Amino acid sequence: AQKVTQAQTEISVVEKEDVTLDCVYETRDTTYYLFWYKQPPSGELVFLIRRNSFDEQNEISGRYSWNFQKSTSSFNFTITASQVVDSAVYFCALRGGSQGNLIFGKGTKLSVKP
Amino acid sequence: GEEVAQTPKHLVRGEGQKAKLYCAPIKGHSYVFWYQQVLKNEFKFLISFQNENVFDETGMPKERFSAKCLPNSPCSLEIQATKLEDSAVYFCASSHIQGNYGYTFGSGTRLTVV
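Line order of the protein sequences matches chains A and B.
Each residue of the first sequence is one higher than the one before, starting from 29 at the first, in the working numbering.
Each residue of the second sequence is one higher than the one before, starting from 823 at the first, in the working numbering.
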């Protein structure tokens with residue numbers, strides 16, 4: 029069975045703090061893809077990153093960075109120097125096997141206070 | 823176009839009424855996925871299409887939900903005899919090859935059953 033666990037339901041930080049959102053996944057597939065999406069209060073889903081199982085390189089994009097560790101089945105997301113605009117629900121998702129559909133975690137609600 | 827167009831944005835139905843939602847995928851994308859998001863939390867996969875063929879319908883409540891993707895028409899998701907529990911945001915996503923290269927989500931249709 030495939031599963032994505034985001035253990036942190038809600039996180040609250042003060043602006044400029046660094047914050048890490050955890051994501052742990054389960055899959056028996058050797059080839060799979062991991063995603064992070066942001067859902068701001070307006071409701072749309074904003075794509076942040078896609079990573080395939082063969083690429084364990086960590087990625088940095090501006091204030092965002094991702095740490096992919098196959099050994100612990102984790103794909104954590106760090107926001108450096110958080111800003112109020114980062115306030116949103118963040119979803120980690122897995123696509124594996126032949127089904128093609130995404131399996132989402134339950135999301136982590138991040139509140140960044142000024 | 824380069825966006826997934828979902829209509830309508832909002833839909834209000836009385837319990838027992840029919841609801842029909844539409845999704846125009848990105849041109850050239852052969853896969854379409856429908857998800858239900860209740861209370862901005864969990865995403866539930868409903869159904870996927872490869873062109874006009876059902877690819878995976880393991881998430882579809884069979885009794886009242888149906889979906890189609892016909893050539894040269896937007897895809898549709900129909901709910902017969904809506905129930906209060908159907909109130910949710912319904913997202914459509916399209917992808918090129920089973921999501922290997924990512925998914926593009928529409929902005930969703932908010933269905934409210936009263």
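Ideal Cβ positions, reconstructed from N, Cα and C, are used throughout, including at glycine.
Since the model is a prediction, treat every value here as computed from it, not as a measurement.
- Here Val-32 (chain A) is near Phe-132 (chain A), since their CB atoms are less than 8 Å apart.
- Cβ-Cβ distances below 8 Å link Asn-894 (chain B) to nothing in the same chain once the five nearest sequence neighbours on each side are left out.
- Contact of Val-876 (chain B) with chain A is not assigned, every C-beta pair being separated by 8 Å or more.
- With its beta carbon less than 8 Å from one in chain B, Arg-78 (chain A) belongs to the interface.
- Between the alpha carbons of Val-42 (chain A) and Thr-136 (chain A) lies a distance of about 16 Å.
- Residues of chain B with a Cβ closer than 8 Å to the Cβ of Glu-72 (chain A) are, in chain order, Phe-927, Ser-929 and Gly-930.
- Not a single C-beta of chain B is nearer than 8 Å to the C-beta of Phe-103 (chain A).
- By the C-beta density criterion, Phe-75 (chain A) is exposed, having fewer than 16 other C-beta atoms within 10 angstroms.
- Contact between the stretch 902 to 918 of chain B and the stretch 837 to 854 of chain B is present: three or more C-beta pairs spanning the two stretches fall below 8 Å.
- In the DSSP assignment, Val-32 (chain A) falls within the beta strand (DSSP E) that extends over 31 to 33.
- For Gly-90 (chain A), no Cβ of chain B is located within less than 8 Å of the residue's own Cβ.
- Per the DSSP secondary-structure output, Gln-36 (chain A) pairs with nothing in a beta bridge.
- Counting only unbroken stretches of 4 or more residues, no alpha helix (DSSP H) element lies wholly within the stretch 41 to 94 of chain A.
- In the DSSP assignment, Lys-831 (chain B) falls outside any beta strand (DSSP E), carrying neither H nor E.
- Annotated as proximal: Ile-869 (chain B) and Met-882 (chain B), with beta-carbon spacing under 8 Å.
- Of all residues in the stretch 850 to 871 of chain B, only Tyr-853, Phe-855, Lys-862, Asn-863, Glu-864, Phe-865, Phe-867 and Ser-870 place a beta-carbon less than 7 Å from a beta-carbon of chain A.
- For Leu-138 (chain A), none of the residues of chain B pass the 7 Å Cβ criterion, the least Cβ distance being about 13 Å.
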